[in-house]
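*Asks:* The structure follows.
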Amino acid sequence: MNTEAINPEITAASTIVAVPRRSRPRRKSRARIHLRLSAAERAELESAARAAGYSRVTSYVLALTRGETAARTQADAVLAQAKAVIETSVRIAVEAAVAAQAEKAAADTAALAEQIARLREAVKDNFIRLAEQVMRGATSPVSGGAR
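Counting along the sequence shown from 1, when you hit position 94 you're at 98 in my numbering, and nothing is skipped either side.
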């Protein structure tokens, strides 16, 4: 092997030994707990493990022995309370936004109604003025111009 191509500081007298890698990574050893339980006790333990969020009864039993399940249950309760607070605050914010939009829409509707009333009044005034001009003979109703 040409070691100088890899690093010029390595002399020819040095040797590089290739360490073969394992073909498979080593599996973690699983804890084995042998409990003499009745079928009903085993089912109860499995349901408690599932309720606590564990997929394996062994993990649940080990966590029980270390006192982790109480901390996990407390953390779940705090998380549920925080979720409820967030949902409430989001709901209040959405309701406030909807109320503000409704208020703005009501103001816009009132402004439009006022503008429509002014336009109606202007059209009515123009129509009356045109009718007066036609009656005086100043304007022809057909051609729109003077006679």
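For every residue, glycine included, the Cβ atom is placed at its ideal position computed from N, Cα and C. Quick caveat, the model's predicted, so the values are computed rather than measured.
Starting from L66 and walking both ways along the alpha helix (DSSP H), at which residues does that stretch end?
*Replies:* It spans V61 to R70 - the alpha helix (DSSP H) in which L66 sits, taken as one unbroken run.
*Asks:* How many angstroms separate the CA atom of A3 from the CA atom of E107?
*Replies:* Any property of residue 3 remains undetermined from this structure, which presents the chain solely from 5 to 151.
*Asks:* How many angstroms separate the CA atom of A126 from the CA atom of A111?
*Replies:* Each residue's alpha carbon lies about 23 angstroms from the other.
*Asks:* Measure the alpha-carbon distance for I14 versus R70 and round it to whole angstroms.
*Replies:* Residue placement at I14 is poorly supported in this model, since its pLDDT is 49, which falls under 50; the coordinates still yield a value, given next. Those two C-alpha atoms are separated by around 52 angstroms.
*Asks:* Please state whether DSSP places S42 in a helix, a strand or coil.
*Replies:* In the structure shown, S42 sits in coil (DSSP, three-state: anything other than H, G, I, E or B).
*Asks:* Buried or exposed: A17, going by 16 or more other Cβ atoms within 10 Å of its Cβ?
*Replies:* With a pLDDT of 48 at A17, under the threshold of 50, the modelled position of that residue is not reliable, and the figure given next carries that caveat. Its Cβ having fewer than 16 others within 10 Å, A17 is exposed.
*Asks:* Hey, how far is the Cα of R60 from the Cα of K87?
*Replies:* Their backbone Cα atoms lie some 27 angstroms apart in a straight line.
*Asks:* Count the other C-beta atoms from every protein chain shown that fall within 10 angstroms of the C-beta of A121, then say buried if there are 16 or more, exposed otherwise.
*Replies:* When all chains shown are included, A121 counts as exposed.
*Asks:* What is the DSSP secondary structure of D56, counted as helix, strand or coil?
*Replies:* Asp is not the amino acid found at residue 56; the sequence shown has Ala there. Here A56 sits in coil by DSSP.
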